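Reminder that position 238 of the sequence shown reads as 237 in numbering that gives the first Met the number 0, one-by-one numbering, no gaps.
Idealized CB from N, CA, C, for every residue including glycine.
None of these values were measured; they are calculated from a predicted model.
Shown next, in C-alpha cells, is the structure this report addresses.
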Amino acid sequence: MSLVIAEVNGAIGTITLNRPKVNALSGELLEEIASALTEMKAQNLRVIILRAQRGAKVFSAGHDVAELPTNGRDPLTYNDPLRQIVRAIQLHPCPVIAMIEGSVWGGACELAMSCDLIVAAQNSTMAITPARLGVPYNLSGILNLMKVAGMPIIKEMLFTARPVTAQRLMESGVINHVVPPEELESFTQQLAMQMVETSPLVLRILKEELRVLASAHPITPDGYERIQSLRREVYDSEDYQEGIRAFLEKRKPEFHGR
Ligand code: YXS
Numbered sequence: 000m001s002l003v004i005a006e007v008n009g010a011i012g013t014i015t016l017n018r019p020k021v022n023a024l025s026g027e028l029l030e031e032i033a034s035a036l037t038e039m040k041a042q043n044l045r046v047i048i049l050r051a052q053r054g055a056k057v058f059s060a061g062h063d064v065a066e067l068p069t070n071g072r073d074p075l076t077y078n079d080p081l082r083q084i085v086r087a088i089q090l091h092p093c094p095v096i097a098m099i100e101g102s103v104w105g106g107a108c109e110l111a112m113s114c115d116l117i118v119a120a121q122n123s124t125m126a127i128t129p130a131r132l133g134v135p136y137n138l139s140g141i142l143n144l145m146k147v148a149g150m151p152i153i154k155e156m157l158f159t160a161r162p163v164t165a166q167r168l169m170e171s172g173v174i175n176h177v178v179p180p181e182e183l184e185s186f187t188q189q190l191a192m193q194m195v196e197t198s199p200l201v202l203r204i205l206k207e208e209l210r211v212l213a214s215a216h217p218i219t220p221d222g223y224e225r226i227q228s229l230r231r232e233v234y235d236s237e238d239y240q241e242g243i244r245a246f247l248e249k250r251k252p253e254f255h256g257r
C-alpha cells in the first residue's frame, strides 16, 4: 500500500499522507513524499498541497521514534530523511501549502512549517516535542522554526512540548488561515488557485529569494561547534536513551538531566 497518495488536478498537485500508523514519518514515507514532489516538479505543477487523509485525527505523529538511533549517533543529521524532505520542500520551485487537520507532532511541525503557507482546521493543534523525548533538535531545524515563529511561542512550544491550538498559532503568525473543518478543502483550493493565476516564474524566483534571505544567519564556526557539542551532550545522555525507551515501552520517561 502506498504511504502517500499523489493526485494532480489541473496545475495543482496534492500529496496525502497515508500511513496507517498516525502518519509517523518513517524513512519510507518521507521517500515517497520526495518522489511525489520530484514527479510534480517534472510536470511543472504550479502549487502543491500537503495534507493528511480526510478527517484525520492526527495529521502526523512526527518522526518515527523507532527509527531514531540509540547508539550514540546524532539522530538528526543532515541526511536524515526528515531533514532531506524539509530541504526538498523549501527548494521546490513552486509554493507548497500545508493543509492541516488533526494534531501535528514533533518533526511534523517543522515539516508543516517548512511549507510556504499553512491552512489549518479550527480544531487542529501543533506540539513540538523534543523535550518530551529527550531529543537534541538540530540547528537547521531550530532555525526553520525561528523563521516562522517568534521566540515567545517557540520557547513555549519547545519547553512545554504541549499542543498549541491553530488559533494561537495564527495569532503568532505561524499559520496563515484557520477555517472550519468543513471549509478546509475548498478554502485551500481557492488559495491555491489565486497563486495559479500569477506568474510561475516570479513565484519561483520570489520563493528562492526568500529562502536564501531567510537562511542568511551569521554563525561563527565557534558558534556552530558549541551548538554541536551541546547536542552531543544530549544524544550521548541517559535521558535520550530513556526518552526513546519510555516511548517504545508506552510509559512516562524519568529524566535525570544526565
Ligand atoms: O501500539 P501500536 O503498535 O499501535 O503503535 C501506536 C504508537 O506507538 C504509534 N506511534 C508512533 N510510532 C512511531 N513514531 C511515532 N512518532 C509514533 N506515534 C505513535 O502509532 C500507534 C498508534 O498510536 P496511539 O495508540 O498513541 O494513537 P493515539 O490516537 O492514541 O495517539 C496519537 C498521538 C499522535 C497523540 C500519539 O501516538 C502520540 O503522542 N505520539 C507521539 C507524538 C510525538 O511525541 N512525536 C514526536 C516524535 S520524535 C520527533 O518528531 C522529533 C525527533 S522531536 O521529538 O525532536 O520533535
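- Task: Might you give, ordered along the chain, the residues of its own chain that have their beta carbon closer than 7 Å to the beta carbon of Ile32, omitting 5 neighbours on each side?
- Result: Within the same chain, Ile32 has close Cβ partners Val3, Ile14 and Ile84.
- How should Phe58 be labelled, buried or exposed, when 16 other C-beta atoms within 10 angstroms of its C-beta is the threshold for buried? By the Cβ neighbour-count rule, Phe58 is buried, with 16 or more other Cβ atoms within 10 Å of its own.
- Item | Runs of alpha helix (DSSP H) wholly within the stretch 108 to 159 (minimum 4 residues, chain order) | Taking only runs of at least 4 residues, the alpha helix (DSSP H) segments lying wholly in the stretch 108 to 159 are 129 to 132, 138 to 147 and 150 to 159.
- Reducing DSSP to helix, strand and coil, say where Ile88 ends up. Helix, per DSSP.
- Could you check which residue in Asn175, Ala10, Gly9 and Ser25 has the C-alpha nearest to that of Ser1? Minimum Cα distance to Ser1 is reached at Ser25.
- Item | Coil, strand or helix - Ser102 by DSSP | Note: Ser102 maps to strand in three-state DSSP.
- Query: Helix, strand or coil: how does DSSP classify Ser171 here?
  - Reply: Ser171: coil per DSSP, three-state reduction.
- Task: Give a yes or no on whether the C-beta atoms belonging to Ile258 and Glu109 are separated by under 9 Å.
- Result: Outside the shown range of the chain, which is 0 to 257, sits residue 258, and nothing can be said about it.
- Query: For the ligand YXS, is there a heavy atom less than 8 Å away from the beta-carbon of Lys249?
  - Reply: Annotation for Lys249 indicates a beta carbon within 8 Å of some heavy atom of the ligand YXS.
- Examine the ligand YXS and report whether any of its heavy atoms sits within less than 8 Å of the Cβ of Ser139. Because no heavy atom of the ligand YXS lies under 8 Å away, the Cβ of Ser139 does not count as near it: no.
- Item | Opposing strand residues paired with Val3 [DSSP bridges] | According to DSSP, Val3 bridges with Leu16.
- On the premise that Val173 lies in contact with Ile141, defined as a C-beta separation below 8 Å, what is that separation, rounded to the nearest angstrom? The beta-carbon distance between Ile141 and Val173, rounded to whole angstroms, is 15 Å. This is too long to meet the 8 Å contact definition.
- Query: Alpha carbon to alpha carbon, what distance is there between Val7 and Tyr234?
  - Reply: For Tyr234 and Val7, the gap between their C-alpha atoms comes out near 41 Å.
- Item | Burial state of Arg82, where buried means 16 or more other Cβ atoms lie within 10 Å | When all chains shown are included, Arg82 counts as buried.
- Query: Leaving out five residues before and five after Ile259 in sequence, what residues of the same chain have Cβ atoms less than 8 Å from its Cβ?
  - Reply: Nothing can be reported for residue 259, as the shown portion of the chain is limited to 0 through 257.
- Whose C-beta lies closer than 6 Å to the C-beta of Asn137 among residues of the same chain, with five residues either side of it excluded? If you ignore the 5 residues before and after Asn137, its C-beta comes within less than 6 Å of the C-beta of Leu75, all in its own chain and listed in chain order.
- Query: Say the cut is 8 Å; is the CB of Tyr258 nearer than that to a heavy atom of the ligand YXS?
  - Reply: A query on residue 258 cannot be resolved here, the shown segment of the chain reaching from 0 to 257 and no further.
- Taking C-beta to C-beta, are Thr168 and Ala148 nearer than 9 Å? The sequence shown places Leu at residue 168, rather than the Thr named in the question. In contact: Leu168 and Ala148 (Cβ atoms closer than 9 Å).
- Message: Tell me the DSSP secondary structure of Ile218 in three-state form.
- Response: DSSP, read as helix, strand or coil, puts Ile218 in coil.
- Query: Secondary structure at Ala60, three-state DSSP: helix, strand or coil?
  - Reply: Correct three-state label for Ala60: coil.
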